[in-house]
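Numbers given in my numbering equal positions in the sequence shown, counted from 1, plus 39.
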Amino acid sequence: MNQRRHNKNGEWGMRSIFVTGGASGIGHATAKLFAGKGWRVGIGDIQTPKEPIDGVAFFLLDVRDRTQWRDALDTFCGGPEGALDVLVNNAGIVRYGRFVASDPVDSDLLVDINIKGVINGCHMALPHLRAGTNPVIVNMASAGAIYGGADLAVYSATKFAVRGLSEALDGEFAPLGVEVRCVMPWFTDTPMVHQSGFDRNTSLNDEMARNGSHTPAMPAAAVWDAVHGKALHYPVGRPTKIFRLFARLFPDAMRKVARKGVLAKDAARAA
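This is the structure we're talking about:
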């Protein structure tokens, strides 16, 4: 059992974690993992979990809405000054396809959820985290934050922003005693990667199948490692680690590969 001094009166209590986007996918796997290890867990999502987890509190939360953030965290933490040990900013969406075929409304949604939602979480949870024990913010980025992916332009941009925010806050929050971590998974087999692209009948999962994908359990395990580790970045999966190394050491080659990939896709679709 993971325990700590929960309040100024010296009362004991379980360590606490709040996970956004916890109704399914990586967020659900993360909530299940931490709950199984004796943590007090809350999840926020716009939909209720199809598979409820025993003992895990659910809160209706649109991460774009700061009022919903405040209400959920105040309730879960036991009031405006209640303690929180870990926030996992996991909620996010993906839209797949060529930028020229995309709808600006979808771009707005990506920015509002993937970036503004994370910023809102950092703002609204900070007072609770400062009252916590060894507090940590874990921001869920992506392998798409390593090098911008064709057909994922705005999504990649949002994940670069999450990575940049994490790096900046890692410095800013250190004097406050709040640690910041950035988890970067490879493509994960969740419902959102099975959506058809803007301009095609195939999904992101279809086109990434040759490189494989991992189950939500792998990023969830990385969240556990991030909470208990000291590093800032946590790339998940062998492809991500290779991708990261290649982008750092051979940026020109990465560019050539990316451009050839776009031409190859166009040729295949035209055939």
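Note that CB positions come from ideal geometry on N, CA and C, so glycine has one too.
Buried or exposed, going by whether 16 or more other CB atoms sit within 10 Å of the CB of residue i?
{"i": "His288", "result": "First, the amino acid is wrong: residue 288 is Leu here, not His. Label assigned to Leu288: exposed."}
{"i": "Gly75", "result": "exposed"}
{"i": "Ile281", "result": "exposed"}
{"i": "Leu112", "result": "buried"}
{"i": "Val139", "result": "exposed"}
{"i": "Ala261", "result": "buried"}
{"i": "Pro274", "result": "buried"}
{"i": "Val102", "result": "buried"}
{"i": "Gly188", "result": "buried"}
{"i": "Ile154", "result": "buried"}
Report the rounded CA-to-CA distance for residue i versus residue j, giving the unit in angstroms.
{"i": "Lys71", "j": "Ile92", "result": "7 angstroms"}
{"i": "Ser63", "j": "Thr114", "result": "22 angstroms"}
{"i": "Ile85", "j": "Leu165", "result": "22 angstroms"}
{"i": "Arg137", "j": "Thr227", "result": "21 angstroms"}
{"i": "Arg105", "j": "Asp142", "result": "26 angstroms"}
{"i": "Leu215", "j": "Leu126", "result": "15 angstroms"}
{"i": "Ala306", "j": "Leu271", "result": "40 angstroms"}
{"i": "Asp190", "j": "Val80", "result": "35 angstroms"}
{"i": "Met163", "j": "Val222", "result": "20 angstroms"}
{"i": "Gly160", "j": "Leu99", "result": "14 angstroms"}
{"i": "Val95", "j": "Ala309", "result": "49 angstroms"}
{"i": "Arg109", "j": "Leu302", "result": "47 angstroms"}
{"i": "Arg134", "j": "Asp264", "result": "28 angstroms"}
{"i": "Pro290", "j": "Arg298", "result": "12 angstroms"}
{"i": "Ala192", "j": "Ala213", "result": "32 angstroms"}
{"i": "Thr172", "j": "Gly121", "result": "12 angstroms"}
{"i": "Lys304", "j": "Lys269", "result": "40 angstroms"}
{"i": "Arg283", "j": "Gly210", "result": "22 angstroms"}
Out of the options, which one is the CA nearest neighbour of residue i?
{"i": "Val150", "options": "Gly117, Thr106, Ser195 and Ala62", "result": "Ser195"}
{"i": "Glu206", "options": "Ala192, Gly188 and Ala184", "result": "Ala184"}
{"i": "Leu204", "options": "Gly188, Ile176, Tyr186 and Val296", "result": "Ile176"}
{"i": "Arg54", "options": "Asp101, Phe97, Pro290 and Val266", "result": "Val266"}
{"i": "Pro119", "options": "Ala292, Ala170 and Lys295", "result": "Ala170"}
Sorted by chain position, which residues of the same chain lie with C-beta nearer than 6 angstroms to residue i's C-beta, five sequence neighbours on each side aside?
{"i": "Leu208", "result": "Val219"}
{"i": "Val201", "result": "Val157, Asn178 and Ala180"}
{"i": "Leu168", "result": "Leu123, Pro174 and Val217"}
{"i": "Lys198", "result": "Ala180, Ser181, Gly183 and Ala184"}
{"i": "Gln107", "result": "Leu100 and Asp101"}
Enumerate in chain order the residues of its own chain whose CB-to-CB distance from residue i is below 7 angstroms, with the five nearest sequence positions on each side excluded.
{"i": "Gly276", "result": "Pro224, Trp225, His253 and Met257"}
{"i": "Ala259", "result": "Ile65, Ala68, Thr69 and Leu72"}
{"i": "Phe97", "result": "Ile82, Thr87 and Pro88"}
{"i": "Met293", "result": "Tyr186, Phe285 and Ala286"}
Go through its chain and collect everything with a Cβ distance to residue i's Cβ below 8 angstroms, but skip five positions before and after it.
{"i": "His67", "result": "Gly61, Ile82, Pro88, Glu90, Ile92 and Pro255"}
{"i": "Thr279", "result": "Ala182, Ile185, Met223, Pro224 and Trp225"}
{"i": "Gly300", "result": "Ala189"}
Should residue i be flagged as near chain B, meaning a C-beta pair shorter than 9 angstroms?
{"i": "Asp145", "result": "Going by chain labels, chain B is absent from the structure shown, which holds only one protein chain."}
Exercise for the section: Pair every Cβ in the stretch 124–135 with every Cβ in the stretch 52–59, then say whether three or more of these pairs are closer than 8 angstroms. Expected result: Judged by Cβ distances under 8 angstroms, the stretch 124–135 makes contact with the stretch 52–59, as three or more pairs qualify.
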